[in-house]
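Numbering-wise (the numbering used here), the sequence shown opens with residue 1193 and increments by one. Here the structure is laid out as structure tokens; the discussion comes afterwards.
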Amino acid sequence: MAKVIAVAHSKGGVGKTTFCRNLTLAYRKNNPAARILALDCDGQKSLEKFFADRAERLNAVEIQCHLKINPKGLSREIKALADDYEKVFCDVGGQRDGEVLRQVLLASDAVIIPTSPSQEDLDSLDEFFMVIDEVRGVNENLKAYIFINRASWQGHDKRSRVAIDGLAQKFEGDAEMLPSKISNLQAWSDSGTGGHAIWEIAPGSRAEREFTSVYLDLEGKGII
Ligand SMILES: Nc1ncnc2c1ncn2[C@@H]1O[C@H](COP(=O)(O)OP(=O)(O)OP(=O)(O)O)[C@@H](O)[C@H]1O
Ligand SMILES: [Mg+2]
1193 MAKVIAVAHS KGGVGKTTFC RNLTLAYRKN NPAARILALD CDGQKSLEKF
1243 FADRAERLNA VEIQCHLKIN PKGLSREIKA LADDYEKVFC DVGGQRDGEV
1293 LRQVLLASDA VIIPTSPSQE DLDSLDEFFM VIDEVRGVNE NLKAYIFINR
1343 ASWQGHDKRS RVAIDGLAQK FEGDAEMLPS KISNLQAWSD SGTGGHAIWE
1393 IAPGSRAERE FTSVYLDLEG KGII
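See below:
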């Protein structure tokens, strides 16, 4: 039975899809023989489109995308699918569909939560943790990991450091903070189309190095 990993947040536009597709491809690169499922649970289908582009271009990716329109029973469906895979990576939309989000979390072993260090985004985590708390009433072993995305890359970026320390304290016992962060960089917006991983579109870049650090944080914590 696969480990199901959701990249989720109740807030839109925080970088869930961008991170999820790179996480999936990085796992594929590091585990060439693994059976992986990339599961698109967002009605916008951006993950599905991304992998469709990629399959067409490279014809070498064994990743499937599924989307169940009716959320009822989605968690059961994901668990049944997971039997056939080693890892399932789920991309979930923002606030568009709270029930889909809940169902995905019910089926997940871990949820990875990107957040920008802005006060508004940090405050919105409280709302998301209300959903996580409710889901944990049923799925008590759901682990949660937060990382800072779209951090400022100028100077020392004190705001991200303060946010990482503050969130670690605030969510102690409920979630773990990843020590690494991803900056707000053009390379990420450029990587949105064409089915490219960040290391393919910007090899050797700061964006690639930061992504690798976050990936290693997740690996170190035994999530992937
Ligand atoms: N670290 C980053 N630096 C710069 N741009 C980024 C970064 N991460 C994501 N983006 C950009 O931010 C926008 C939103 O990202 P993305 O679509 O991954 O967010 P999302 O959380 O999946 O949104 P939604 O809730 O709509 O599904 C995209 O244009 C993406 O290219
Ligand atoms: Mg998305």
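Glycine included, each C-beta is placed from N, C-alpha and C at the ideal position. Remember, predicted model here, so these are calculated numbers, not experimental data.
Query, Result
"Neighbourhood of Ala1226 by C-beta distance below 6 Å, restricted to the same chain and skipping five residues each side", "Glu1278"
"Beta carbon of Pro1147 nearer than 8 Å to that of Ser1267", "In this structure the chain extends from 1193 to 1416, so residue 1147 is not present and cannot be described."
"For Asp1318, the first and last residue of its enclosing alpha helix (DSSP H)", "1311-1328"
"Cα-Cα separation between Glu1269 and Gln1311, rounded to whole angstroms", "36 Å"
"Residue of Asp1318, Gly1235, Asp1289, Leu1229 minimising C-alpha distance to Asp1275", "Leu1229"
"Lys1208: CB within 7 Å of a non-hydrogen atom of ligand 1", "yes"
"Per DSSP, the bridge partner or partners of Tyr1337", "Ile1304, Glu1368"
"Option nearest Glu1411 by Cα separation, candidates Thr1209, Asn1223, Gly1204", "Asn1223"
"Simplified DSSP assignment, three categories, for Ser1381", "helix"
"Validate contact between the stretch 1193-1200 and the stretch 1291-1301 using beta carbons, cut 8 Å, 3 pairs", "yes"
"8 Å contact criterion, which Val1323 and Leu1359 should meet: CB distance rounded", "Going by Cβ atoms, the distance from Val1323 to Leu1359 rounds to 17 Å, so no, they are not a contact pair."
"Rounded separation between Gln1295 and Asn1331 - CA only", "11 Å"
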